[in-house]
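Have a look at the structure below before the remarks.
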Amino acid sequence: MIEIPSDLHKDLVPLAFLLGNWAGAGVHDFPGSEKCNFGQEVAFTHDGRDFLEYRSHSWVLDKEGNKVRPLESEHGFWRIDADRKVEVTMTRDDGVIEIWYGELADKKPQIDLVTDAVARTAASQPYTGGKRLYGYVKSDLMWVGEKQTPEVELRPYMSAHLKKVVTPEEVERWAKALPDDMPDDGIAFFK
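Each residue of the sequence shown is one higher than the one before, counting from 55 in our numbering.
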């Protein structure tokens, strides 16, 4: 269910499908680094201004699905203009700062992004740019990331399937918002 908060900045309504806390798992595979399954938690929040705040933390999973160690963390800000053009500024824990540009697809909740600028600290690994695709599919958030380095051409390196995390407070709020005349059998609700 996509909920549009009443205090969401009007410009951000097209990005409302991203809002919330998400958790799930994916696959990491890039030459020169460990191929692994990973867990991920993502949060898209807002404070009424014209951007979404983004935070992502991922960690390596063992064969049983247990956390082994951190994989990567990102923090950024997402904006969209009247022409559905999306811009993202992002800082990553490995010393990389990126500016991404892209757009929201027409008539579907899907965002394609490409790096426009990359800045790296001396401690960061080689990295020259990337692409990302985010999509809202059957109430889940899915994404795939591609990256390139001076030695490796642009190729997929991470993808994940995330589910919305529902807090007890959200369940209570939704329950209070249900109409009083809900059908007892549940079937009539879908007619």
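Cβ atoms here follow ideal geometry from the backbone N, Cα and C, with glycine treated the same way.
Can you tell which of S110, A173, R209 has the C-alpha that lies nearest to the C-alpha of F92?
Measuring from the Cα of F92, the nearest candidate turns out to be S110.
Tell me the residue span of the beta strand (DSSP E) that contains Y155.
Annotation for Y155: the continuous beta strand (DSSP E) segment containing it runs 150-158.
Please report the straight-line C-alpha distance between S60 and V67, rounded to a whole angstrom.
Using only the alpha carbons, I get a separation of about 10 Å.
Using the Cβ count rule (16 or more neighbours within 10 Å means buried), how would you classify D171?
The sequence given here places Ala at residue 171; Asp does not occur at that position. Exposed: under 16 other Cβ atoms inside 10 Å.
Which of helix, strand or coil does DSSP assign to K201?
It is a strand residue.
Identify, in the order they occur along the chain, each residue of the same chain with its Cβ nearer than 8 Å to the Cβ of G102, setting aside the five sequence neighbours on each side.
Take G102, set aside five residues on each side of it, and the residues of its chain with a beta-carbon closer than 8 Å to its own are D61, L62, H63, in chain order.
For F131, which beta-bridge partners are listed by DSSP?
Paired residues: E107, T143.
Hey, N75 and V219: beta-carbon distance below 8 Å or not?
Yes.
Per DSSP, what are the beta-bridge partners of Y188 in this structure?
In the DSSP assignment, the residues bridged to Y188 are I165, W197.
Chain-order list of residues whose beta-carbon lies under 7 Å from that of G156 (same chain, five-residue window excluded):
Hits under 7 Å: V140, I165, D166, L167, V168.
Burial state of S193 (16 or more Cβ within 10 Å):
S193 is exposed by the Cβ-count criterion.
Can you tell me where the beta strand (DSSP E) holding N120 begins and where it ends?
No residue range can be given for N120, since it is assigned to no beta strand (DSSP E) and is classified by DSSP as neither H nor E.
Taking only the alpha-carbon atoms, compute the straight-line gap between L115 and C90 and give it to the nearest angstrom.
So the alpha carbons of these two residues sit roughly 7 Å apart.
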